[in-house]
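In the numbering used here, the protein residues as written are 2 to 186.
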């Protein structure tokens, strides 16, 4: 299965219920968040050449199991012709994430809601050094400097994008995609 990044792909985002709106505090289902992580990647003009290594960073293994599963369930698809690989990154301190990134180059990090604000600040700084895309399970972490997240307002999904973080992390997005996002400045 391949992800469509054509303008028609934006219709797919709308069909999935993604709209431009102010972020809310409810969490979107993890399966949807994983799909949107890769949908957002299709609009990134700075993708790696061959493989998208995606780290799922979590301080609690119990809470992370369904998240890792949701990402692994999507490894059979391709993003703009690139293979997807999920990397499990348990951490006690954010430096553990940096150690994992030295073993395999990381395109993106999915940061679970269990991350503290201190963790988020450290992960933001690490992502800037690595040029890694960051995706927050909790949209409040987007306001704290992670690149993107998904929120739910009523029955609608909202892509929230922190432009300053995206630029710092070396992301360059297609203009059509930006029109479909709630941009934080």
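Cβ atoms here follow ideal geometry from the backbone N, Cα and C, with glycine treated the same way. This one's a predicted model, so the numbers in the text were calculated from it and none came from an experiment.
- One Cα belongs to residue 126, the other to residue 147, and the distance between them is close to 10 angstroms.
- Counting every other CB atom within 10 Å of its CB across the protein chains shown gives residue 82 a total below 16, marking it as exposed.
- Excluding residues up to 5 positions away in sequence, 45, 47, 134, 148 lie with their Cβ nearer than 8 angstroms to the Cβ of residue 172 in the same chain.
- For residue 164, the enclosing alpha helix (DSSP H) covers residues 164 to 169.
- The beta-bridge partner set that DSSP reports for residue 54 consists of 86.
- For residue 143, the enclosing alpha helix (DSSP H) covers residues 141 to 144.
- Annotation for residue 116: no alpha helix (DSSP H) segment contains it, and DSSP assigns it neither H nor E.
- From the listed residues 155, 84, 96, the smallest Cα separation to residue 120 is found for 96.
- Bridge pairing for residue 110: 56, 135 [DSSP].
- In the three-state reduction of the DSSP assignment, residue 32 falls in the helix class, which pools H, G and I.
- In this structure, the beta-carbon distance from residue 164 to residue 141 does not fall below 7 angstroms.
- According to DSSP, residue 91 shares a beta bridge with 59.
- Check the Cα spacing between residue 100 and each of 29, 31, 34, 124: the tightest is with 124.
- Boundaries for residue 152: no alpha helix (DSSP H) harbours it, while the beta strand (DSSP E) harbouring it runs 149 to 154, taken from the DSSP string.
- Secondary structure note for residue 180: it is in no beta strand (DSSP E), and the uninterrupted alpha helix (DSSP H) holding it is 176 to 180.
- In this structure, residue 116 sits away from residue 71, with a CB-CB distance that is not shorter than 7 angstroms.
- Residue pairing by DSSP puts residue 185 in a beta bridge opposite 163.
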